[in-house]
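Mapping the sequence shown onto full-length UniProt numbering, position 38 (from 1) lands on 38, and the numbers just tick up by one.
Where is the CB? At the ideal position from N, CA and C, for every residue including glycine.
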Amino acid sequence: MTTDPNPAPRAPAGPPHASPLGPLVPASADLADYLAADEVIDHDHPEIRALAARLRRTDRVATARALFEYVRDEIDHSADVDHWSGAYRASDVLARRNGICHAKAHLLAALLRAEGIPAGICYQKLEVLHGLNGIHFEETGQWVRLDPRGNKGGADAHFATEPAEERTAWANDPDAGNFHYPTVHPTPPADLRAALAEARVGERGYGHLPREL
Numbered sequence: 001m002t003t004d005p006n007p008a009p010r011a012p013a014g015p016p017h018a019s020p021l022g023p024l025v026p027a028s029a030d031l032a033d034y035l036a037a038d039e040v041i042d043h044d045h046p047e048i049r050a051l052a053a054r055l056r057r058t059d060r061v062a063t064a065r066a067l068f069e070y071v072r073d074e075i076d077h078s079a080d081v082d083h084w085s086g087a088y089r090a091s092d093v094l095a096r097r098n099g100i101c102h103a104k105a106h107l108l109a110a111l112l113r114a115e116g117i118p119a120g121i122c123y124q125k126l127e128v129l130h131g132l133n134g135i136h137f138e139e140t141g142q143w144v145r146l147d148p149r150g151n152k153g154g155a156d157a158h159f160a161t162e163p164a165e166e167r168t169a170w171a172n173d174p175d176a177g178n179f180h181y182p183t184v185h186p187t188p189p190a191d192l193r194a195a196l197a198e199a200r201v202g203e204r205g206y207g208h209l210p211r212e213l
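Printed below as a string of structure tokens:
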């Protein structure tokens with residue numbers, strides 16, 4: 001896998017507004033890259049656009065919250081229901097209403113982009129590589145982690161609009177080598193996309209995934 005150029009094994013000390021999970025920086029300086037549709041984050045799909053429009057609220061922050069909570073709470077995580085869809089393309093995840101963490105992050109990114117809210121994918125090193133989202137809030141100019149994995153089995157992720165408020169599904173255990181990578185990717189790295197494509201319907205577990213970037 002491609003090595004992240006700025007690994008962050010521990011959250012550095014910083015100002016009060018800094019994330020407790022470490023810095024978060026975009027891989028691209030062009031926000032347009034975080035609004036684009038591609039083969040994984042296919043927000044040009046009519047079903048994604050229709051759902052995004054249905055969940056739209058009166059302002060961008062409220063819309064982002066509604067989209068996040070929908071993916072977190074209404075799309076099953078495969079492990080929670082022991083039904084493994086193998087889906088990772090955003091439109092397929094929506095159609096099957098089921099996927100692993102990476103799949104749910106791809107769907108959330110697509111829904112946010114459909115509403116003109118820049119969003120990308122970021123990662124956490126756990127026993128396997130965990131996928132979540134980085135979202136750019138125009139109101140503050142900051143990137144914030146959101147984790148739509150689903151709050152079952154001890155997971156406890158919540159919506160945040162400031163880095164200091166970030167709360168992802170799983171806490172880091174530094175003794176186990178856990179940490180959040182700092183980079184927000186516009187789309188999953190090519191090697192990870194190839195690994196995700198190895199999943200098959202009904203195939204349990206995460207054996208197809210890399211352990212780290």
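Nearest by alpha-carbon distance to Val144: which of Ala64, Ala190, Trp170 and Leu55 is it?
For the purposes of this step, residue 144 is taken as the residue at position 144 of the sequence shown. Closest by alpha carbon: Ala64.
With a cut-off of 8 Å, do at least 3 Cβ pairs link the segment 104-121 to the segment 84-92?
Cβ pair count under 8 Å is three or more, so yes.
Give me, in chain order, the residues of the same chain whose beta-carbon lies closer than 8 Å to that of Glu69; leave out the 5 immediate sequence neighbours on both sides.
As a position in the sequence shown, residue 69 is number 69, starting the count at 1. Answer for Glu69: Phe159, listed in chain order.
Determine the direct distance from the alpha carbon of Ala79 to that of Gly205, and round the result to whole angstroms.
The residue given as residue 205 occupies position 205 in the sequence shown. The residue given as residue 79 occupies position 79 in the sequence shown. Taking the straight line joining both Cα atoms gives about 8 Å.
Hey, quick one: how far does the alpha helix (DSSP H) through His106 stretch, first residue to last?
By 1-based counting over the sequence shown, the position of residue 106 is 106. Counting along the chain, the alpha helix (DSSP H) containing His106 begins and ends at Cys101 to Ala114.
Relative to the alpha-carbon of Cys122, which residue among Gly116, Thr140 and Gly131 has its alpha-carbon at the smallest distance?
Numbered from its first residue, the sequence shown carries residue 122 at position 122. Checked all of Gly116, Thr140 and Gly131; the closest Cα to Cys122 is Gly131.
Taking the beta carbon of Arg72 as the centre, do at least 16 other beta carbons fall within 10 Å, making it buried, or is it exposed?
Your numbering for residue 72 matches position 72 in the sequence shown. Under this definition Arg72 is a buried residue.
For Arg193 and Val61, what's the separation of their Cα atoms in angstroms?
Residue numbering aside, residue 193 sits at position 193 when the sequence shown is read from its first letter. Residue numbering aside, residue 61 sits at position 61 when the sequence shown is read from its first letter. Cα to Cα, Arg193 sits roughly 29 Å from Val61.
According to the Cβ coordinates, are Gly177 and Lys125 closer than 8 Å?
The count along the sequence shown starts at 1 and reaches residue 177 at position 177. The count along the sequence shown starts at 1 and reaches residue 125 at position 125. Yes, the Cβ-Cβ distance between Gly177 and Lys125 is below 8 Å.
In whole angstroms, give me the CA-to-CA distance for Trp84 and Ala18.
By one-based count along the sequence shown, residue 84 stands at place 84. By one-based count along the sequence shown, residue 18 stands at place 18. C-alpha separation (whole angstroms): 36 Å.
Would you give the residue range spanned by the alpha helix (DSSP H) that Ile48 belongs to?
Counting from 1 along the sequence shown, the entry for residue 48 is found at position 48. Taken as a continuous stretch (DSSP letters only), the alpha helix (DSSP H) holding Ile48 covers Pro46 to Leu55.
Where do the N-terminal and C-terminal ends of the beta strand (DSSP E) with Leu94 fall, by residue?
To locate residue 94, count along the sequence shown from 1; it is residue 94. Taken as a continuous stretch (DSSP letters only), Leu94 belongs to no beta strand (DSSP E), being part of the alpha helix (DSSP H) at Ala90 to Arg96.
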